[in-house]
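Residue numbers are given in my numbering: position 176 of the sequence shown equals residue 1104, and the series is strictly consecutive. From the three backbone atoms N, C-alpha and C, an ideal C-beta is built for every residue, glycine too. Shown next, in structure tokens, is the structure this report addresses.
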Amino acid sequence: MSEPTWFNNGFGHMLEVLGLSWLGTPLWMWLAFFGIVVALLVLDLGVLHRKHREIGVRESLLMSAFYITLGVAFGGFVWWHIGPEAGMNYLTGFAVEKALAMDNVFVIAMIFSFFAVPRLYQHRVLFWGILGVILLRALMIGFGAAVISQFSWVLYLFAAFLIGTGVKMLAFSDTEYDIGKNPVIGFMRRRFNVTDEHHGQHFFVKKPHPKTGRLAWFMTPLFMALVLVEIADVIFAVDSVPAIFAITTDPFIVYTSNIFAILGLRALYFALAAMVHRFHYLKYALAFVLIFIGSKIFVADLLGLAKIPAPVSLGVTFAILAAGVGWSLWKTRDEAPEGDRVAG
């Protein structure tokens, strides 16, 4: 076989493989998505933040704008290659996940404040936290997709759960969460060697044990903060994963909208942490979004529809979130910033 013929056959075979469907979406689209994610992580850790330094609000806002633009642009990519409905479902899911991620920022701010994590090392915790999120969300979404494909009625359980969660958020939105009472902290302190002092960027440090005098490994507050950040994401995923499945059951749209919304969480944190008080009423909007997303499945059945049209879901979701942000900014326009209490 001549070299050109061999090359053409090999190239044609590669194109055929890339065109194969994986979880209902061409393999090349999955590879394009993972390629973008890997490139962003390498750019973030290997180039922009190779040296540990504090991230200012201006840089945080610019990075957030970049990630949001990239996430929306990927929605255009989905719209172009899969269709308008898929594109609108992606954008709806992206908006919901981004809003829920903002709520997650408030919890992360409390965790950093409790452990007095210096701003210089907060990005390190968030970066490794995001890597954990990418893996955990893949497992949860994969499991959810498998269950729904076998038992479609599970969607109704998700819907009822979302409605219940939204109602609970409305009832307890003003309840303060006490990080110090988290049982995971008590468990780590009882079962492992823990030091209360920070040791730079290190998650673990080796030093003499106070009882034996022998060298032993100790967890630092930085690692304990990372554990709580990961646990916080699992808790938030219990809300966000059913929410996106109530919008669409396409694993590609579910996972990509989740990850693109969360990828910008590190950048968003440093801007929002300085003005957490300005978004106090956003929780009410999130509660109504969850109630709407959950109830639209039942409403569609009552109206005899296969599902609520994607443009309606997208429009209502954006309207509720915009109202929540606008109301929060207006109601807190005269309140003093709480950045000193939030940032470690």
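Just list the residues that DSSP pairs residue i with in beta bridges.
i, result
"residue 1144", "1135"
"residue 1122", "1147"
For residue i, which residues of its own chain have a beta-carbon under 7 Å away from its beta-carbon, when the five flanking residues on both sides are left out?
i, result
"residue 1072", "1169, 1173"
"residue 1066", "1183"
"residue 1159", "1112"
"residue 1195", "988, 991, 992, 995"
"residue 1249", "1023, 1027, 1213, 1217"
"residue 1236", "1224, 1227, 1228"
"residue 1009", "957"
"residue 1110", "1156"
Leaving out five residues before and five after residue i in sequence, what residues of the same chain have Cβ atoms less than 6 Å from its Cβ?
i, result
"residue 1013", "1238"
"residue 1021", "1172, 1175, 1185"
"residue 1093", "1167, 1218"
"residue 1255", "1209"
"residue 1082", "1075, 1076"
"residue 1108", "none"
"residue 1155", "none"
"residue 1052", "1129"
"residue 945", "Residue confidence for residue 945 is low, a pLDDT of 49 falling below 50, so the modelled location carries little weight; the figure read from the coordinates is stated next. Closer than 6 Å at Cβ, skipping near neighbours: no residue."
Nearest to residue i by alpha carbon, out of the options?
i, options, result
"residue 1045", "1148, 1158, 1231, 1026", "1148"
"residue 1129", "1090, 1171, 1056", "1056"
"residue 1257", "1228, 1209, 1229, 1241", "1209"
"residue 1063", "955, 1162, 1244", "1162"
"residue 954", "1194, 1082, 1027, 1179", "1179"
"residue 1079", "1188, 1177, 1051, 1034", "1177"
"residue 1188", "1023, 1054, 1100", "1023"
"residue 997", "1227, 1026, 1090, 1011", "1026"
"residue 1018", "1041, 1231, 1241", "1241"
"residue 1085", "1226, 966, 1253, 1245", "1226"
"residue 1095", "1235, 1245, 1220", "1220"
"residue 1193", "1245, 1090, 1157", "1157"
"residue 1054", "986, 1251, 1001, 972", "972"
"residue 1091", "1007, 1224, 1261, 1252", "1224"
"residue 1059", "1142, 964, 1099, 969", "969"
"residue 1131", "1165, 1049, 1139, 1038", "1049"
"residue 1197", "967, 1037, 1253, 1000", "1037"
"residue 1070", "1251, 1252, 1247, 952", "952"
"residue 1029", "1139, 1051, 1164", "1164"
"residue 1207", "1260, 1230, 1243, 1100", "1260"
Go through its chain and collect everything with a Cβ distance to residue i's Cβ below 8 Å, but skip five positions before and after it.
i, result
"residue 1290", "Look at the range of the chain in this structure, 929 to 1272, and you will see that residue 1290 is not part of it."
"residue 1004", "1015"
"residue 1152", "1043, 1113, 1116, 1122"
"residue 986", "none"
"residue 1245", "1020, 1023, 1024, 1217, 1220, 1221"
"residue 964", "998, 1002"
"residue 1278", "Coverage of the chain is limited to positions 929 through 1272, which leaves residue 1278 absent and any answer about it impossible."
"residue 1141", "none"
"residue 1251", "1213"
"residue 1136", "1142, 1143, 1144"
"residue 1253", "1207, 1210, 1213"
Would you mind giving the Cβ-Cβ distance between residue i and residue j, rounded to the nearest angstrom? I have them listed as a contact below 8 Å.
i, j, result
"residue 1214", "residue 1031", "6 Å"
"residue 1068", "residue 1211", "The Cβ separation is near 23 Å, so there is no contact."
"residue 1200", "residue 1035", "Wrong, their Cβ atoms sit about 12 Å apart, outside the cutoff."
"residue 1181", "residue 1006", "7 Å"
Just checking residue i against the ligand MN - is the residue's beta carbon closer than 7 Å to any of the ligand's heavy atoms?
i, result
"residue 1190", "By its list of ligands, the structure shown contains no ligand whatsoever, and the ligand MN lies outside what it can speak to."
The segment 1030–1046 in contact with the segment 954–962 per 3-pair CB rule at 8 Å
In this structure the segment 1030–1046 does not lie against the segment 954–962, because fewer than three pairs of beta carbons, one per stretch, are closer than 8 Å.
Hey, is the segment 1144–1163 in contact with the segment 1117–1133, meaning 3+ C-beta pairs nearer than 8 Å?
yes
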